[in-house]
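Every letter in the sequence shown is one number past the one before it in this note's numbering, and letter 80, counting from 1, is 80. The structure appears below as structure tokens.
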Amino acid sequence: MRLCVEGLPYVIRGKSKLGKHVEVEVYSVDAKTLQDLDNLEGHPTFYRRDLIDVKLDTVSGTSGKITAAVYMVGNEYDNGVYHSSY
Numbered sequence: 001m002r003l004c005v006e007g008l009p010y011v012i013r014g015k016s017k018l019g020k021h022v023e024v025e026v027y028s029v030d031a032k033t034l035q036d037l038d039n040l041e042g043h044p045t046f047y048r049r050d051l052i053d054v055k056l057d058t059v060s061g062t063s064g065k066i067t068a069a070v071y072m073v074g075n076e077y078d079n080g081v082y083h084s085s086y
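What follows is the structure, encoded as structure tokens:
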């Protein structure tokens, strides 16, 4: 995945040799909150919620990998300028 910023930050599906590792924050939410987030993010008509593998760092006190949901857009939002965080 790639992170582009053009007014809003966009996480884009797919890999790029020029892309960077993207830093994300991970939250545990209940079903109602997930539904509210889907409505806020326009899932599935604007952003689409996809599952990705996330490597946890030791700064959080936890290490390992988990699967997390991320809201992403398609390649049409790729401006070619990639960020690791926003």
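Even for Gly, the Cβ is constructed at its ideal location relative to N, Cα and C.
From Thr45 to Asp57, what does the alpha carbon distance come to, in whole angstroms?
-> 32 angstroms
Could you name the residues that DSSP lists as bridge partners for Pro9?
-> For Pro9, which the question treats as bridged, DSSP gives the partners Val5.
Residue interval of the beta strand (DSSP E) (run including Leu56) | Looking at the DSSP string, the run of the beta strand (DSSP E) that includes Leu56 is 48 to 56.
How should Val22 be labelled, buried or exposed, when 16 other C-beta atoms within 10 angstroms of its C-beta is the threshold for buried?
-> It counts as buried.
Have a look at Asp78 and Val11 and give me their C-alpha separation to the nearest angstrom.
-> About 9 angstroms.
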